[in-house]
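In my numbering, the protein residues as written are 193 to 552.
Glycine residues also receive a C-beta, built at the ideal position from the N, C-alpha and C atoms.
This one's a predicted model, so the numbers in the text were calculated from it and none came from an experiment.
Have a look at the structure below before the remarks.
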Ligand code: PMV
C-alpha cells in the first residue's frame, strides 16, 4: 500500500446525518515503539498484545453543514463536554484531512467513554484514536459507491489511527499486531499495523495482563516529546537495530512457546524503553520507587515458584504483569498479598489478550 491508495475517489453518495459507534481496546507493546519521524512514522518496528477489558467506546454523530473551511466538532467524555480534548482532535483532523475529505462537510459530536478510569494513568490515546478512526471509516463506507473490503477498511482505519497516536494503529485487531516494516514479517509497514501473520503457540493463548496502577497522575512528559528526544539520542541507532533483532527473536519464541525467552525479551524491552528516557537530553525518569519494588518482588516470586510471570512498562510508572492463564489464581493471590501495597489506593485492573475493535 502507498499513501495515495488511502486517498478516496470523490464520494458519490450523500448523507445528511447519522451516527456510528465503535469500541476499541488499548494495547501493550512487547517490543516498544520509541522514536518517530514525520508524519508519525516509527523509527523501529514494534509488536503488541491487544487488550480486551481496557477499551474506549466512541459514538460519532454527524450532521451535514455548510463547509466554511473549518472543522466543527464537540467532544463529550462520560456525558460531559470536554473542550480540553479539542486541540488533539483538531491536530488529528488536520493530519487526516487529505485522506478523509468529508471532515469539513459535517458537524461531529464525538461521544466517548473509557471502561478504565480516565485518571488511571493508562493512556487512552490508543483506544480513543483507533475508535474514532474506525467511526470515520464507517462514515466513509456509507459515502462511497465502491465497495470497501474488510482488509482495506482495517488498514485504512489503522493508517488514520496512527496519525492520531502512533500506538493506536495497533489496537484494531488481535491478539498480536506488528507496526513498522520488518524484514521477516511480510506485509509489515510503517504506515499501519497488521495482524501478526504467523501461528502462535498455545502457551500464549488468552495470556493475562494485570495492570498495577502505581501512579494515576497525568504523564509528566508527553510521549511526543519523548519520541522526539530519540532524534539526537546517542544510543538511538543501536536501539532501533535492537528492536528489529528482538522482533526476530520473539517470532521464534511465539512459534515455539518458549516462555523463558519471552520473559527475557519483554522485560529487557521495558527496561530499555526507560533507559532511553534516562539517557536522553534532557533526561527524565517516569518509574517510581513502587515500580522498582514491584519489579523486585516479581523477580523473587519467579525464583521461588518457577512462575512464568513477567512485567512490562509503558511510558509511565504503572506495571503490566503478563502471565499464562493457568497461573491466574496464584498470581491474584501474589498480587493481593505482596503487590497491592505498592499500587495507588490499592488499584489494579485485570485484563487479558483480546481480538480488537468491534462496531456496536
Ligand atoms: O502512541 P504513543 O505516541 O503514545 O507512544 C507510545 C509509546 C509506548 O507506549 C511507550 C510504547 C509502545 O510501543 O506502545
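Relative to residue 549, the option among 234, 250, 221 and 207 whose CA is nearest is 250. Cβ-Cβ distances below 7 Å link residue 199 to 290 and 291 in the same chain, with the five nearest sequence neighbours on each side left out; the list follows chain order. Distance from the C-beta of residue 221 to the nearest heavy atom of the ligand PMV is below 6 Å.
Residue state for residue 283 is assigned as helix, using DSSP reduced to three classes. Secondary structure in the region 343-406: no alpha helix (DSSP H) run of 4 residues or longer lies completely within the stretch.
In its chain, beyond the 5 residues on either side, 235, 419 and 422 have a beta carbon closer than 6 Å to the beta carbon of residue 227. Segment contact: the region 530-547 against the region 486-495, three or more CB-CB distances shorter than 8 Å; contact assigned. In this structure, the ligand PMV has no non-hydrogen atom nearer than 6 Å to the beta-carbon of residue 349. Taking 7 Å as the cut-off, the Cβ atoms of residue 223 and residue 439 count as close.
Taking the Cα of residue 426 as reference, the smallest distance to any Cα among 480, 390, 470 and 392 is reached at 470.
In the displayed model, residue 541 falls within a strand according to three-state DSSP. Judged by beta-carbon spacing, residue 360 lies within the 7 Å limit of residue 318, meaning their Cβ atoms are closer than that value.
Of the residues 326, 335 and 358, the one whose Cα lies closest to the Cα of residue 345 is 326.
For residue 437, no beta strand (DSSP E) encloses it; the enclosing alpha helix (DSSP H) starts and ends at 428-448. Nearest to residue 383 by C-alpha distance, out of 276, 357, 401 and 281, is 357.
Residue 246 carries a strand assignment under DSSP once its states are collapsed to helix, strand and coil. Apart from sequence neighbours up to five positions away, the residues of its chain that approach residue 333 with a beta-carbon distance below 6 Å are 340, ordered along the chain. Shown here, residue 523 sits in a helix according to DSSP, grouped into three states. If only uninterrupted beta strand (DSSP E) runs of at least 3 residues are considered, those enclosed by the region 201-229 are 209-223. Under the criterion of beta carbons closer than 8 Å, residue 512 and residue 505 qualify as touching, at roughly 7 Å. Listed as beta-bridge partners of residue 254 by DSSP are 210 and 300.
In the DSSP annotation of this structure, the continuous segment of the alpha helix (DSSP H) that includes residue 317 starts and ends at 317-335.
Contact between the region 239-257 and the region 196-216 is present: three or more C-beta pairs spanning the two stretches fall below 8 Å. At the C-beta level, residue 542 and residue 406 stay beyond 7 Å of one another. Here residue 273 carries a strand assignment [DSSP, helix/strand/coil]. Under the DSSP definition of a beta bridge, residue 511 partners with 404 and 505. Three or more Cβ pairs closer than 8 Å define a contact, and the region 389-398 meets that threshold against the region 444-464. Across the structure, residue 544 and residue 330 are spaced so that their CA atoms are roughly 27 Å apart.
By DSSP's assignment, residue 548 forms a beta bridge with 365. For residue 233, DSSP records a beta bridge to 229. For residue 377, the CB contacts under 6 Å within the same chain, skipping 5 residues up- and downstream, are 370 in chain order. The straight-line gap separating the alpha-carbon atoms of residue 474 and residue 413 is approximately 11 Å.
Not one heavy atom of the ligand PMV sits closer than 6 Å to the Cβ of residue 319.
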